[in-house]
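Enquirer: Chain order of the listed sequences is L and D.
Each residue of the first sequence is one higher than the one before, counting from 10 in my numbering.
Each residue of the second sequence is one higher than the one before, counting from 10 in my numbering.
Where a beta carbon is used, it is the ideal one built from N, C-alpha and C, also for glycine.
Please read all numbers here as calculations on a predicted model, not as lab measurements.
There are 2 protein chains.
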Amino acid sequence: MRSDPDRLRFEIVARDGDARAGVLHTPHGTVETPCFVPLATRGAVKGMLPAEVEDLGFEMVLGNTYHLMLAPGEELIAARGGLHGFMGWERPIITDSGGFQVFSLAHGSVADEVKGRRGAPTSAGGVLEIAEEGVRFRSYIDGSEHFLSPERSMEVQAGLGSDIALVFDECTPVHADRDYTARSTERTHRWLGRCLDWHAEHGPPGQAVYGIVQGGTHEDLRRESVDAVSAAGVDGLAIGGTLGRDKEEMGEVLEMTTGLLPREAPVHLLGIGEPDDLVRNITLGIDSFDCAVPTRLGRHGMALAPMPERRYRYDVSRAAHATDDGPLVDGCPCPACARFSRAYIHYLCRADELTGVRLVTIHNLAYIEAIVSGAREAILAGRLAAFRDAILAGAAPWEAG
Amino acid sequence: MRSDPDRLRFEIVARDGDARAGVLHTPHGTVETPCFVPLATRGAVKGMLPAEVEDLGFEMVLGNTYHLMLAPGEELIAARGGLHGFMGWERPIITDSGGFQVFSLAHGSVADEVKGRRGAPTSAGGVLEIAEEGVRFRSYIDGSEHFLSPERSMEVQAGLGSDIALVFDECTPVHADRDYTARSTERTHRWLGRCLDWHAEHGPPGQAVYGIVQGGTHEDLRRESVDAVSAAGVDGLAIGGTLGRDKEEMGEVLEMTTGLLPREAPVHLLGIGEPDDLVRNITLGIDSFDCAVPTRLGRHGMALAPMPERRYRYDVSRAAHATDDGPLVDGCPCPACARFSRAYIHYLCRADELTGVRLVTIHNLAYIEAIVSGAREAILAGRLAAFRDAILAGAAPWEAG
Numbered sequence: 010m011r012s013d014p015d016r017l018r019f020e021i022v023a024r025d026g027d028a029r030a031g032v033l034h035t036p037h038g039t040v041e042t043p044c045f046v047p048l049a050t051r052g053a054v055k056g057m058l059p060a061e062v063e064d065l066g067f068e069m070v071l072g073n074t075y076h077l078m079l080a081p082g083e084e085l086i087a088a089r090g091g092l093h094g095f096m097g098w099e100r101p102i103i104t105d106s107g108g109f110q111v112f113s114l115a116h117g118s119v120a121d122e123v124k125g126r127r128g129a130p131t132s133a134g135g136v137l138e139i140a141e142e143g144v145r146f147r148s149y150i151d152g153s154e155h156f157l158s159p160e161r162s163m164e165v166q167a168g169l170g171s172d173i174a175l176v177f178d179e180c181t182p183v184h185a186d187r188d189y190t191a192r193s194t195e196r197t198h199r200w201l202g203r204c205l206d207w208h209a210e211h212g213p214p215g216q217a218v219y220g221i222v223q224g225g226t227h228e229d230l231r232r233e234s235v236d237a238v239s240a241a242g243v244d245g246l247a248i249g250g251t252l253g254r255d256k257e258e259m260g261e262v263l264e265m266t267t268g269l270l271p272r273e274a275p276v277h278l279l280g281i282g283e284p285d286d287l288v289r290n291i292t293l294g295i296d297s298f299d300c301a302v303p304t305r306l307g308r309h310g311m312a313l314a315p316m317p318e319r320r321y322r323y324d325v326s327r328a329a330h331a332t333d334d335g336p337l338v339d340g341c342p343c344p345a346c347a348r349f350s351r352a353y354i355h356y357l358c359r360a361d362e363l364t365g366v367r368l369v370t371i372h373n374l375a376y377i378e379a380i381v382s383g384a385r386e387a388i389l390a391g392r393l394a395a396f397r398d399a400i401l402a403g404a405a406p407w408e409a410g
Numbered sequence: 010m011r012s013d014p015d016r017l018r019f020e021i022v023a024r025d026g027d028a029r030a031g032v033l034h035t036p037h038g039t040v041e042t043p044c045f046v047p048l049a050t051r052g053a054v055k056g057m058l059p060a061e062v063e064d065l066g067f068e069m070v071l072g073n074t075y076h077l078m079l080a081p082g083e084e085l086i087a088a089r090g091g092l093h094g095f096m097g098w099e100r101p102i103i104t105d106s107g108g109f110q111v112f113s114l115a116h117g118s119v120a121d122e123v124k125g126r127r128g129a130p131t132s133a134g135g136v137l138e139i140a141e142e143g144v145r146f147r148s149y150i151d152g153s154e155h156f157l158s159p160e161r162s163m164e165v166q167a168g169l170g171s172d173i174a175l176v177f178d179e180c181t182p183v184h185a186d187r188d189y190t191a192r193s194t195e196r197t198h199r200w201l202g203r204c205l206d207w208h209a210e211h212g213p214p215g216q217a218v219y220g221i222v223q224g225g226t227h228e229d230l231r232r233e234s235v236d237a238v239s240a241a242g243v244d245g246l247a248i249g250g251t252l253g254r255d256k257e258e259m260g261e262v263l264e265m266t267t268g269l270l271p272r273e274a275p276v277h278l279l280g281i282g283e284p285d286d287l288v289r290n291i292t293l294g295i296d297s298f299d300c301a302v303p304t305r306l307g308r309h310g311m312a313l314a315p316m317p318e319r320r321y322r323y324d325v326s327r328a329a330h331a332t333d334d335g336p337l338v339d340g341c342p343c344p345a346c347a348r349f350s351r352a353y354i355h356y357l358c359r360a361d362e363l364t365g366v367r368l369v370t371i372h373n374l375a376y377i378e379a380i381v382s383g384a385r386e387a388i389l390a391g392r393l394a395a396f397r398d399a400i401l402a403g404a405a406p407w408e409a410g
C-alpha cells in the first residue's frame, strides 16, 4: 500500500467496529465515505444531468473503460479535458478497467450469477482470445476487433483522466473451478504489476490506482490476492470476482475477505449495491460501492422501497398503484416523492413516458444515497449495527437512525 | 365572441401591424403572448419535469383529450385535482378536443401532409364509424372500443379541468374535395353548438372554450367558419384543418384566414410551430402555437438552429459533429448549450443515452421560446417585421432583436 497526498489520501474520521467513516481526498475534491458511486458507464448517469446527480448528494461517479474506449475513444475524450471535461462533471471520477466487461462476454456476468442465470454472454460483442498478453474481442457496436491488456487499460484510463483508476483483471465466474480461479488470480497479479509499471511511467500524476482482490470463494486464494495487491503499492483495494452463488455465500465470502484487508486502505466493492448489501458491507469496512441497480431498476419502473421481503423494490406499473395518491415511498424526501404521486408515475411508466423513467431513477438514486449517508451518520454516532438491523428489518433509511 | 373575466380575459398590450403582444388571464395565472405551448400529450412534456418546463420560460402546456381519456381516464385525473394536480403543473393548461387524433386515424395526419406523406393512419388504433353523433374508434392501447362526440369531448376536458378547452371538430385533410370539406365544416359548426350547450350546463366555471375555424383551403368556407365560430359565443378561436400541401400554400391560407378574424379575440394556431411558421404567423396576428416539433426532433437527435435552408435543424448524430467543441448553437443561452459540447451530445445521441435526448429537447424548447419571446419584445418595440425577416434570413433569435 502507498498513500500519496498528491493523488489519493484516505482520511478515516471515525470507526464503529470494523466500519469507518472517512474522506477520500482527490485532485477533484473530496468524497465522504461510505459512499455510493452512480454509474456513468458511457459518460452519463442514465437520463440524468451532472448537476442533478450532485444535487442528490453524490460526490463521485464511475465511468467505463470498455464502453468509452469503443466510443467515442479515449483520445477524443482526453482532448476535451478528460472525462470530467467531456461530460461536465467536475467532482471525482473512478474508472473501471474494462476487465469485468470483456470477461463477462466470455463467462457471463456476475450479475447473472447473483440472479441465478449463468454462462450466457450478455452482449452482442464477443471475445476472440484470452491470453497472457491480454484479451482480443469484438466491439458490440460495429464488430470491429479490439485489444485490452493491462497497459492498454491504463492507457485508456490515463486518457479519461479519472481520479481513481482500477487495474485490469479477470473477473472470475462462480462456475470456474478452483484450479482455473487459482491460475486466473495469479495472472491477475501479474497484470497488476504490468498496470502499475505502465502507470508509474505514463500515468497522470494525480491519478490513483486501486488494485483488485480476486480469488473467488476460496479463502487461501483471497488471502494470497490481498497480500499480493497490498504489497504492490496501490492506493486502495477493490474487491472483485465471484462472491458466490447467492447472497448468503456472498456474505460469507465478503466477511472472510474484508477480514484479510489492511486496516487503513480505502476499499471499494465492485458492482454490488442493493440496500441490504450496502448496510451489511459498510459494517464489514467497505468504503465505496458502485452498482447499476438504482438506474437500471428505474428504467424498468421498479422503485426502491423498505421491503426486505421483496428485495427492496416494487413494480410501479402494477395495476394496484394506479390510484395510489401517496408518493413512491411514504416519507421519502426525494424530489420525485416530494411532488409526484405514485398514481402519476404509474401512469407515466405504463405509457412509456421518459419522464416516468426519470422520476423512478431520481427516487432510486436518492434512496440509495439516503442509505449510505445514513450509515455514515450512524458510524459517527457509534450506532451502525442498529442502523443496519433497522434497514434489514424494513425501516426506511430516514427512519433507521 | 364573449369575454368573461371569470375565465379567460385577453388583454392586448401592444400592436405592431396585425401582430399583437398580449396577456391571457386564466384561473391558473397569466400567459404572455405570443407564446408557444409545449405538448404534454400524455400528462408530461416528453422527458421533462414541470419545473424544468417553467424554468425554460413556458407558461402553458397542452394536454391531449384523446390520449388521456384512453389512459388513465379523465375520472382518475379529475379525482386528483384535474390535470394540473395530476401532473404537478400549476400554471395554465389548454386541452385539445381529441378531434385531430380520431380523424387522423381515418385520414392521416396534417403533419403527414405538410411532410409530403398522405393517407396512412398514423396509429395502431382505428376508426370504426364517423357519424353525426360522433366517432367510434378502437383504442391504440388495447383495442377496446371508445366513442368521442362533442359532449363526450367536453366532458373529458371538464374532468381534466383545463383553463382552455377546444371544441370537438373534424380536422379536414388536404385530399378532401371541396364538397367533403364544406359538409364537414358545417357538421363541425353543429358540433360547436353541441359543445357549447354541454359546456354551458356542465362545464367547470373557470374553463374557457375556443372554437375551431375549419374550411380547408377555401376562402368562402373559412369565412363562413370564422363567422359561425365568432357568433357562437366562444372565448377564443383556434385555426384547424388543412392549410394546404406545402408551406407556400399554408402561408396563403393563413394570411387569408387571419384576415377574416375578429380583431380582439385570442387566436391559437393548432399544431404548427417551426421557427419560420412562428415568426410569419405572429406577424399575421396569431397569439399562441402548439407543436410537437421541439420535443419530437429532440428524441431523434435533431437540434433546432438558425439554418433556414435546412428547415432550421440539423442531425447532431452526424459524424461531422463528433469533434465539435462548440455548443449545439453558437451563442445559445440555453442550459444545454451553456454547459455541454456538441461532441458530447453527439456521442450521447449515437449511444442512445437518455441524457442526450434530454439535452437536445431542452435546447429545442429553449430555442422556440427564444423566438416567441423575441417576437414579443419586437412587437413591444414596433419592429416585428425586422425580427421576422432576420429569423427568416438565418439569424439566431437572440441576435434578431
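If aspartate 339(D) and proline 317(D) are in contact, beta carbons under 8 Å, what's the gap, nearest whole angstrom?
Expert: With a Cβ gap of about 16 Å, aspartate 339(D) and proline 317(D) do not count as contacting.
Enquirer: For the beta strand (DSSP E) containing phenylalanine 156(L), list its first residue and its last residue.
Expert: 154-157 is the span of the beta strand (DSSP E), which, as asked, contains phenylalanine 156(L).
Enquirer: Let me know the secondary structure DSSP gives serine 326(L) once reduced to three states.
Expert: coil
Enquirer: Between the segment 157-171 of chain L and the segment 68-87 of chain L, do at least 3 Cβ pairs fall closer than 8 Å?
Expert: Yes: the two stretches touch, three or more of their Cβ pairs being nearer than 8 Å.
Enquirer: Determine the DSSP secondary structure at tyrosine 189(D), reduced to helix, strand or coil.
Expert: helix
Enquirer: How would you list, in chain order, the residues of chain L whose beta-carbon sits under 8 Å from the beta-carbon of aspartate 334(D)?
Expert: Taking the beta carbon of aspartate 334(D) as reference, the chain L residues within 8 Å of it are Arg89, listed in sequence order.
Enquirer: Can at least three beta-carbon pairs, one atom from the segment 28-47 of chain L and one from the segment 100-107 of chain L, be found at a separation below 8 Å?
Expert: yes
Enquirer: Buried or exposed for valine 123(D), please, with buried defined as at least 16 other CB atoms from any protein chain shown within 10 angstroms of its CB.
Expert: For valine 123(D), the predicted model reports a pLDDT of 43, less than 50, meaning its position is unreliable and no value from the coordinates is stated.
Enquirer: Kindly indicate which three-state DSSP category alanine 312(L) falls into: helix, strand or coil?
Expert: strand
Enquirer: Below 9 Å on C-beta distance, what does arginine 367(L) contact in chain D?
Expert: Gly56, Met57, Leu58, Leu363 and Arg367
Enquirer: Spell out whether any CB of chain L is found under 8 Å from the CB atom of glycine 170(D).
Expert: no
Enquirer: For a contact defined as C-beta to C-beta under 8 Å, what are the partners of tyrosine 353(D) on chain L?
Expert: Gly52, Arg89, Phe95, Met96 and Gly97
Enquirer: Find the residues of chain D that neighbour leucine 65(L), judging by a C-beta separation of less than 8 Å, and give them in chain order.
Expert: The contacting residues do not exist; leucine 65(L) stays about 14 Å from chain D at best.
Enquirer: For chain D, check one thing: does any of its Cβ atoms lie closer than 8 Å to the Cβ of leucine 279(L)?
Expert: no
Enquirer: Would you say serine 106(D) reaches chain L, if we count a Cβ-Cβ gap shorter than 8 Å as a contact?
Expert: no
Enquirer: Going by CA-CA distance only, name the one from Ile173(L), Ala28(L), Leu374(L) and Leu252(L) that's closest to arginine 305(L).
Expert: Leu374(L)
Enquirer: Give me the residue from Cys180(D), Asp27(D) and Gly152(D) with the minimum Cα distance to isoleucine 139(D).
Expert: Cys180(D)
Enquirer: Does the segment 25-35 of chain D come within contact of the segment 384-395 of chain D, defined as at least 3 CB pairs closer than 8 Å?
Expert: Enough Cβ pairs lie closer than 8 Å, so yes.
Enquirer: Determine the extent of the alpha helix (DSSP H) in which tyrosine 321(L) is found, giving its start and end residues.
Expert: Where tyrosine 321(L) is concerned, there is no enclosing alpha helix (DSSP H), given that its DSSP letter is neither H nor E.
Enquirer: Chain L partners of arginine 348(D), CB-CB under 7 Å?
Expert: Gly97
Enquirer: Following the continuous alpha helix (DSSP H) through phenylalanine 67(D), name the residue where it begins and the one where it ends.
Expert: Segment: none, phenylalanine 67(D) is in no alpha helix (DSSP H) and carries neither H nor E.
Enquirer: Check whether chain D comes within 8 Å of alanine 360(L), counting only Cβ atoms and requiring the distance to be less than that.
Expert: Alanine 360(L) has a beta carbon lying within less than 8 Å of a beta carbon in chain D.
Enquirer: Tell me, please, whether the CB atom of alanine 80(L) is closer than 8 Å to any CB atom in chain D?
Expert: yes
Enquirer: Quick check on DSSP: helix, strand or coil for arginine 199(D)?
Expert: Secondary structure at arginine 199(D): helix, using DSSP grouped into helix, strand and coil.
Enquirer: Name, going along the chain, the residues of the segment 172-192 of chain D whose beta-carbon falls closer than 7 Å to a beta-carbon of chain A.
Expert: Chain labels in this structure do not include chain A; the protein chains are L and D.
Enquirer: Check whether the Cβ atoms of arginine 196(L) and glutamate 273(L) lie closer than 8 Å to each other.
Expert: Against a cut-off of 8 Å, the Cβ pair of glutamate 273(L) and arginine 196(L) comes out as no contact.
Enquirer: Which partner residues of cysteine 358(D) appear in the DSSP bridge assignment?
Expert: Looking at the DSSP assignment, cysteine 358(D) forms no beta bridge with any residue, so it has no partner.
Enquirer: First and last residue of the beta strand (DSSP E) that includes phenylalanine 45(D)?
Expert: 44-46
Enquirer: Under a CB-based cut-off of 8 Å, is alanine 411(L) close to chain D?
Expert: In the structure as shown, chain L starts at 10 and stops at 410, and residue 411(L) therefore has no counterpart that could be examined.
Enquirer: Using only the alpha-carbon positions, how far apart do glutamate 362(L) and aspartate 244(L) sit?
Expert: Between glutamate 362(L) and aspartate 244(L), the C-alpha separation is close to 43 Å.
Enquirer: What does the alpha-carbon distance come out to for the pair arginine 11(L) and glutamine 110(L)?
Expert: 28 Å
Enquirer: Measuring straight from C-alpha to C-alpha, what distance separates alanine 347(L) and histidine 93(D)?
Expert: Going by the C-alpha atoms only, they are around 16 Å apart.
Enquirer: Counting pairs of Cβ atoms below 8 Å between the segment 350-358 of chain D and the segment 390-400 of chain L, do you hit three or more?
Expert: Judged by Cβ distances under 8 Å, the segment 350-358 of chain D makes no contact with the segment 390-400 of chain L, as fewer than three pairs qualify.
Enquirer: Does any C-beta atom of chain D lie closer than 8 Å to the C-beta of tyrosine 356(L)?
Expert: yes
Enquirer: Does the CB of leucine 474(D) have a neighbour CB from chain L at under 8 Å?
Expert: Any property of residue 474(D) remains undetermined from this structure, which presents chain D solely from 10 to 410.
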